[in-house]
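Quick note on the working numbering: the sequence shown kicks off at 469 and runs consecutively.
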Amino acid sequence: MANQGDPFISAFHPQGRMKINRRFCTQPRKARRDNRRRPRVSAALLVVLWLSFAVGCARISPAPEESRPGRETATFTAVRVQLPGEVTTLDPARAQTLAEREVASLLFANLVRLDGITLEPLPALAEKWSVSPDGLTYTFTLRQEARFAGGRAMTAADWKYSWERALHPATASPTAPAVLGNIAGADAYRSGTAPEISGLQAPDQYTLTVTLVSPDRDFPRRLAHPAAAVVDSWAVSGQEPDPGQPAGADVKPGAPGESGPYFLAEWVDSGHISLGKNQSYPLPLPQAPDRIEFRRQDDSFAAMVDLEAARLDLAQDLSPDDLGKLAADPFWTNNISFTHLLATKVLVLNPANRAVDDFLVRRAIFLALDREKLAASLGEMARPAAGLTPPAPGTGSGNISGADPGASRALLQQYTIARPAGVPALELGYTSGAENSLLARGVQDQLAAIGLKVRLSALPLEELRPRVADGSLALYLATANPVAPGTEVALLDQPLPALVPGRRGLAGPGDLPSPTGIPAGGQAATLTAIEQGYLIPLVYPRLPVITRPETPHLGIGPMGEIGADVYQPRQ
């Protein structure tokens, strides 16, 4: 066991005694000791290593080491994937951004998954399920062959543990209350007045029964959300509060308790993560690569060059111009597809910032923004938003009014009657990426047309979130993800400062109405937020996925789930 001062924090994966180092490569202990005894590396070896990384799909052989069920592999194909953002956690209960959900979907599995076209729930680790006539009780039959990556058999008790852990206040999940909060007894458990969730029971090893407070036909769809994934209770309990994060000397063998088709092989930093194939995963994935290497590349042109030079196998964050260049090349035409994400790019007017305190200013900004033009600036990568959440198949498109710059200017003139100094310069914060950069510039230009000055700031997550909380950012871009297809309750991937008491709009847990009766979490929003002008839907993103022809198929689903079993039509 590593000492507290040891820079290599132990994770003890069953494939050798692996250690996670956030700056250096993960490797078995014995191999690391050997490297220390032989610090010099020959020029010939350097050439071999360089050539292995330059090949499109590298064949890699792990160091010989004792292996256990779930992780034995002799050689495997590595697919290099562009991360669409930062990954600050591997905890499925805390995954918020698209990048975090993509990685979490590979490490942790759910009872159900969504069909990429119809969005209907399909069996995953649940073999089947049934619902009572009153719509309140769901009974899930679990796959008996399901095992965690460490080899331990998965039981209903693990699902009960995982959902109770996700809802526990100490976990501080921003999404679990909206995903699982309709389970009977969840409120009492979250408030500390009950030791367990009464509506969540495991009558035997392979049966999970869930009783709801009120009927919810979308409940199975909600269970495709990362917050409802299963973690290995035996592994995670030794390294709370964050599975996957280095956790000191108490980490138990098998951590971080992966249940999905991959296990964590290496986590260098927020933009460098490698996964290995979990041979214990019960569902067949014949096209799945044996290793996935996520790499952050914010520069669109550099990502396109890396893709063309076979230094990258899958790109998903290119600008419309660079995407258009590839689409015009016959070599790439049949290797470009789009995923209609269940997400909405929104502009948030920070309730903690005094510059947007007045409703006249918020309404003026709302009316100034032309969603049609913003979507057009992104080409095929977006369509204009007509509501807080994208419409489910076969439903309407929302009822948000269009832009009216004339009315916007009139509201600002009315505002200056009481405040002659007018609206001060506003700062708009956003995380880097091709789509966010274009949207931010589009918002800046449209607000300049009504006389508002906006300064743009591209910020990493660890800087953006504190500045949202302290109110120094007046505006920021976020992504709203519906709890389930067709619902009007969305979860934002950025924090929401609470409003001044007595105001309507974005608020804390339990303060927002929900059309399905499900209590909203601290980062949830409903149409009330739009009515009060604190939340402005901009576009529904379409995620471009560009793969090299020789790359094993990896689809990206509507919830940001990624895998070889995701059906992704060519468009």
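Glycine included, every Cβ here is placed at the ideal spot set by N, Cα and C.
Since we're looking at a predicted model, the values are computed, not measured.
How long is the line joining the alpha carbons of residue i and residue j, rounded to whole angstroms?
i       : j      : result
Pro560  : Ser630 : 10 Å
Gly744  : Val571 : 12 Å
Ser940  : Thr677 : 46 Å
Pro888  : Leu835 : 21 Å
Ala703  : Thr675 : 22 Å
Asp789  : Ala942 : 30 Å
Glu568  : Thr556 : 7 Å
Pro1020 : Ser805 : 14 Å
Pro750  : Ala546 : 21 Å
Ile918  : Gln912 : 10 Å
Ser659  : Glu726 : 29 Å
Ser748  : Thr607 : 25 Å
Ala621  : Pro754 : 22 Å
Leu856  : Leu566 : 17 Å
Glu554  : Gly584 : 25 Å
Leu775  : Gln882 : 52 Å
By Cβ distance, which residues of its chain are closer than 6 Å to residue i, with the 5 residues on each side in sequence left out?
i       : result
Thr623  : Gln673
Phe762  : Val549, Leu551, Ile741
Ala644  : Ala561, Ala634, Leu635, Ala695
Leu593  : Ala577, Leu579, Arg611, Ala614
Arg830  : Leu817, Val824, Gly1001
Gly910  : Leu842, Ser845
Asn821  : Gly939, Ala942
Glu1029 : Ser573
If I measure Cβ to Cβ from residue i and keep anything under 7 Å in the same chain, skipping five residues before and after, which residues do I get?
i      : result
Ala692 : Asn578, Val580, Arg581, Leu582, Pro589, Met1027
Ala844 : none
Ala902 : Ser768, Asp785, Leu786, Ser787
Asp872 : Leu835
Pro601 : none
Leu945 : Lys813, Leu815, Tyr898, Asn904, Leu907, Ala908
So for residue i, helix, strand or coil by DSSP?
i       : result
Asp686  : coil
Gly659  : Just to set this straight, residue 659 is Ser in the shown sequence, not Gly. Ser659 falls in the helix class under three-state DSSP.
Gln991  : For Gln991, the predicted model reports a pLDDT of 46, less than 50, meaning its position is unreliable and no value from the coordinates is stated.
Asn904  : helix
Arg830  : helix
Pro798  : helix
Tyr883  : helix
Leu960  : strand
Asp672  : strand
Leu896  : strand
Val911  : helix
Phe769  : helix
Gly874  : helix
Gly792  : helix
Pro1017 : coil
Pro694  : helix
Arg933  : helix
Leu587  : coil
Ala577  : coil
Leu558  : coil
Ala646  : helix
Provide the residue(s) that pair with residue i in DSSP beta bridges, ordered along the chain.
i       : result
Lys921  : According to DSSP, which records beta bridges pairwise, Lys921 is partnered with nothing at all.
His740  : Asp737, Arg763
Asp785  : Paired residue(s): none; Asp785 is not in a bridge.
Val1007 : Lys813, Pro852
Gln755  : Answer by DSSP bridge pairing: none, since Gln755 is not bridged.
Phe731  : Gly744
Lys596  : Thr609
Ser845  : Answer is none; Ser845 lacks a bridge partner.
Ala621  : Arg615
Ala946  : Val814
Gln550  : Arg763
His808  : Arg1010
Suppose the cutoff is 8 Å on Cβ atoms and the five residues either side in sequence are ignored; what does the same chain contact list for residue i look like?
i      : result
Gly667 : Ile651, Ala652, Gly653, Ala654, Val678, Thr679, Leu680, Val681
Within the present structure, is the beta-carbon of residue i separated from the nearest heavy atom of the ligand FAD by less than 7 Å?
i       : result
Leu1003 : This structure simply doesn't include the ligand FAD, nor any ligand for that matter.
Quiz prompt | the segment 1014-1024 in contact with the segment 776-785 per 3-pair CB rule at 8 Å | solution = yes
Quiz item: Any contact of the segment 653-664 with the segment 744-760, i.e. 3+ C-beta pairs under 8 Å?
Solution: no
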